[in-house]
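Numbering-wise (my numbering), the sequence shown opens with residue 160 and increments by one. Built from N, CA and C at the ideal position, the CB exists for glycine as well. Scroll down for the structure; my scribbles are underneath it.
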Amino acid sequence: MSDVPDNPLAAAGDGRSANGRFGAGNTFGKGNPFAKRTQAIRAALMEVCEPSRIKAAAEALLAAAESGDRFAFAELLDRTIGRPVAADLLERIEAIEALLEQQNGPEKSNSRS
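Written out as structure tokens, the structure is:
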């Protein structure tokens, strides 16, 4: 007989397979307790949110933004072009890249190209 048990999770006793990951049959990770409720809410919203109604809501948001509602304007921009990135963040990244280039040379610091 082999040394491998019939149920690979039984050997560890913690629901993990031989490689340390949670395996099939793991009873310890019950998952997200709210997943079923969240899915039911999403399903209900998808039933009533037809594309024409979403378009009407987007047009109402645009109209509110055009009339001066700054919160509607901010929401519209957040949903279309995304939230703004802090300007100094880009400067800090460029400074770090320049420092790495000085220390390692351009061929090592720019590994993405």
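Any 3 or more C-beta pairs closer than 8 angstroms across the segment 234 to 247 and the segment 216 to 225: In short, these stretches touch, since the Cβ pair count reaches three.
Reduced DSSP secondary structure (H/G/I, E/B, other) of PHE181: Locating residue 181 in the sequence shown gives position 22, counting from the first residue. In this structure, PHE181 counts as strand in the three-state DSSP scheme.
C-alpha gap between GLU260 and LEU248, whole angstroms: As a working note, residue 260 is residue 101 in the sequence shown. As a working note, residue 248 is residue 89 in the sequence shown. If I take the Cα positions, the gap works out to 18 angstroms.
Whether GLY174 touches GLY190 by CB criterion (8 angstroms): Locating residue 174 in the sequence shown gives position 15, where the first residue counts as 1. Locating residue 190 in the sequence shown gives position 31, where the first residue counts as 1. No, Cβ-Cβ distance for GLY174 and GLY190 is not below 8 angstroms.
Separation of GLN198 from LEU168, as counted between CA atoms: Walking along the sequence shown from the start, residue 168 turns up at place 9. Walking along the sequence shown from the start, residue 198 turns up at place 39. Note on LEU168: pLDDT 46, under 50, position unreliable in the model; the coordinate value appears next. Spanning the two alpha carbons is a distance of roughly 30 angstroms.
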